[in-house]
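Q: Protein chains in written order, with this note's numbering: chain A, -3 to 216; chain B, -3 to 216.
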DNA sequence: ACCTGAACACCGTTCAAGT
DNA sequence: ACCTGAACACCGTTCAAGT
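(1) State the Cα-Cα distance for the pair residue 75(B) and residue 90(A), rounded to the nearest angstrom.
(2) Got a sec, what are the start and stop residues for the alpha helix (DSSP H) residue 30(B) sits in?
(3) Give the interface partners of residue 209(B) over in chain A, defined as CB-CB distance under 7 Å, in chain order.
(4) Taking 8 Å as the threshold, find out whether the segment 193 to 205 of chain B comes into contact with the segment 156 to 174 of chain A through three or more Cβ pairs.
(5) Three or more beta-carbon pairs under 8 Å between the segment 118 to 136 of chain B and the segment 75 to 84 of chain B, yes or no?
(6) Drop a sphere of 10 angstroms on the beta-carbon of residue 193(B), count the other beta-carbons inside from all chains shown, and report buried for 16 or more, exposed for fewer.
(7) Could you tell me which chain A residues have their CB closer than 9 Å to the CB of residue 158(B), listed as they occur along the chain?
(8) Counting only C-beta atoms, is residue 119(A) closer than 8 Å to chain B at any point?
(9) Listed in chain order, which residues of the segment 94 to 121 of chain B have Cβ atoms closer than 8 Å to some Cβ of chain A?
(10) Determine the DSSP secondary structure at residue 249(B), reduced to helix, strand or coil.
(11) To which residues of the same chain is residue 32(B) closer than 6 Å at the C-beta, ignoring the five residues directly before and after it?
(12) Could you please tell me which residues of the segment 148 to 176 of chain B, in chain order, have their CB closer than 9 Å to any CB of chain A?
(13) Under 7 Å Cβ to Cβ from residue 100(B), same chain only, skipping five residues before and after it: list those, please.
(14) In angstroms with no decimal places, state the Cα-to-Cα distance between residue 106(A) and residue 95(A).
(15) Beta carbons nearer than 7 Å to chain A: which residues of the segment 122 to 137 of chain B have them?
(16) Whose CA, out of 43(B), 26(B), 79(B), lies closest to the CA of residue 133(B)?
(17) Inspect the CB distances between the segment 80 to 88 of chain B and the segment 131 to 146 of chain B and report whether three or more fall short of 8 Å.
(18) How about residue 81(A): is its C-beta nearer than 8 Å to some C-beta of chain B?
(19) Should residue 66(B) be labelled buried (16 or more other beta-carbon atoms within 10 Å of its own) or exposed?
(20) Can you check whether the CB of residue 102(A) is closer than 8 Å to the CB of residue 211(B)?
(21) Between the alpha carbons of residue 137(A) and residue 164(B), how many angstroms are there, rounded?
(22) If you run the structure through DSSP and keep just helix, strand and coil, what is residue 159(A)?
(23) Inspect the beta-carbon positions of residue 53(A) and residue 24(A) and report whether they are closer than 8 Å.
(24) Along the alpha helix (DSSP H) that carries residue 150(A), what are the first and last residues, could you check?
(25) Exposed or buried, what is residue 57(A) when buried is set at 16 or more other beta-carbons lying within 10 Å of its beta-carbon?
(26) Is the beta carbon of residue 108(B) less than 8 Å from the beta carbon of residue 161(B)?
(27) In angstroms with no decimal places, state the Cα-to-Cα distance between residue 204(A) and residue 131(B).
(28) With 8 Å set as the bound, which would you pick, yes or no: does the beta-carbon of residue 236(B) sit closer than that to a beta-carbon of chain A?
(29) So the alpha helix (DSSP H) residue 42(B) belongs to, where does it begin and stop?
(30) The alpha helix (DSSP H) with residue 78(B) in it runs from where to where?
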């Protein structure tokens, strides 16, 4: 979390009671990922420099190339980690939530809350700062898994009687909706008044979607 | 459209029958915007260099600073132009469309079609490659105007009897939905099968949203 | 008023060389 | 196997100087 320049975190493999400067550093790879995640949230993906990450980890500018093919692969790793965190948050929200409409709404609002809590990470996860995401299949898979909770909750909400095509469309619409609301929020597109009623407006949009979807499920 | 290195376009102010190299270039500002738009769609916002734009316009690397505060302001200008193009497309789609549900669906599908037709421009318009969009109020205003057609069509679709809070929520949800679907598409998040049924899936999502919204409008 | 050339401090990436 | 130092070609931006 700290972006200090002196002394690095050295999170894992602390078997020797925090050596001041390890010659081979022990676990440079994860130290780089941590440093990148911290710098990302501070400066944004477009301003994140590979050299600055190396400096934050107290190694030379060329050292990271032993662990990553280049800057983009490091960003992809951070994004993949972000999708796993989102997946965990969504699973927790699904367990915490109640039943029926409120369950759907809870999951949607939790999704938006994740984006607001880690804005730069969320932006990175959805393509900001990386040209070709498709080159990293691990990221695509993590992304797909992060959306499973919403898919399951919506299917449960619609009921087993709903045809699978409708369920699929609802899942796609639901993902599109929360993702769109999150992106619009991060852009500041909706901040024309006080920032506090942004959440209300998003809640209203999600409630409207969920309520009208429920009406559709009972009368297809 | 051409990204050749020799000879520039010189689009406007062609009063002297295409002078080979104008000393003061006539209208460098719009030439830079055109060159930037072309390079943007070719390489993406993150790979767009201010120097390359200057080269494409046959001027020195420092010349653009007479017309733009920096790289970001040039990108903001391109984005603003993009929002105006989107607004025009949405207005045209609203006039072209029929009535009722199909009108709503047409507008939504046209929105997604715009994003697919100009993927890098659309990405730029929604924050890719620029740290603080808020610093450019002209962009925010153009963005707001680009969404007016959808807002109007949805309000018309719901009917005057619908309370304004519901109309506002529906407009926000509609924008979020189409924007989210567009972004997911551009990320390649939904391309797990043949690319051709992506449009079908988006249409299904929008139809589901519009149909269930209509049901809500008639029974609030 | 507008443009140029040279300069500064950065950047991503490569590579021989070290341990 | 991992890391360093120096190098290359780029970049955004500034600034004195030209016309």
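Just so you know, even glycine gets a beta-carbon here, dropped at the ideal spot from N, CA and C. It should be emphasised that the depicted structure is a prediction, and the values quoted were computed from it without experimental measurement.
A: Short version:
(1) Going by the C-alpha atoms only, they are around 38 Å apart.
(2) The continuous alpha helix (DSSP H) containing residue 30(B) extends over residues 24 to 39.
(3) For residue 209(B), the chain A residues whose C-beta falls within less than 7 Å of its own C-beta are 208, listed in chain order.
(4) Touching, yes.
(5) Contact holds: three or more Cβ-Cβ distances are below 8 Å.
(6) Residue 193(B) should be labelled exposed.
(7) Neighbours of residue 158(B) on chain A: none; closest Cβ ~11 Å, over 9 Å.
(8) It does: the Cβ of residue 119(A) has a partner Cβ on chain B nearer than 8 Å.
(9) When CB distances to chain A are screened at a threshold of 8 Å, the residues of the segment 94 to 121 of chain B falling below it are 119, in chain order.
(10) The structure shown has nothing for residue 249(B), since chain B only spans -3 to 216.
(11) Around residue 32(B): 49, 70, 74.
(12) Of all residues in the segment 148 to 176 of chain B, 161, 162, 164, 165, 166, 167, 168, 169, 170, 171, 172, 173, 174, 175, 176 have a Cβ within less than 9 Å of some Cβ in chain A.
(13) Taking residue 100(B) as the centre and dropping the five residues before and after it, the same chain places the C-beta of 149, 150, 153, 206 closer than 7 Å to its C-beta, in chain order.
(14) Taking the straight line from one Cα to the other gives about 15 Å.
(15) Residues 122, 123, 124, 125, 127, 129, 130.
(16) Of 43(B), 26(B), 79(B), the residue nearest in Cα terms is 79(B).
(17) Under the 8 Å Cβ criterion, the segment 80 to 88 of chain B counts as touching the segment 131 to 146 of chain B, having at least three qualifying pairs.
(18) Closer than 8 Å: no.
(19) Residue 66(B) is exposed by the Cβ-count criterion.
(20) With contacts defined by Cβ atoms closer than 8 Å, residue 211(B) and residue 102(A) do not form a contacting pair.
(21) One C-alpha to the other measures close to 35 Å.
(22) In the structure shown, residue 159(A) sits in coil (DSSP, three-state: anything other than H, G, I, E or B).
(23) Yes; because the gap between Cβ atoms is below 8 Å, this pair is in contact.
(24) Membership of residue 150(A) in the alpha helix (DSSP H) is indicated by the continuous run 144 to 154.
(25) By the neighbour-count rule (16 or more Cβ atoms within 10 Å), residue 57(A) is not buried but exposed.
(26) Result no, Cβ atoms of residue 108(B) and residue 161(B) do not sit closer than 8 Å.
(27) Going by the C-alpha atoms only, they are around 32 Å apart.
(28) Outside the shown range of chain B, which is -3 to 216, sits residue 236(B), and nothing can be said about it.
(29) In this chain, residue 42(B) is not harboured by any alpha helix (DSSP H), its DSSP state being neither H nor E.
(30) Unbroken alpha helix (DSSP H) run through residue 78(B): 67 to 92.
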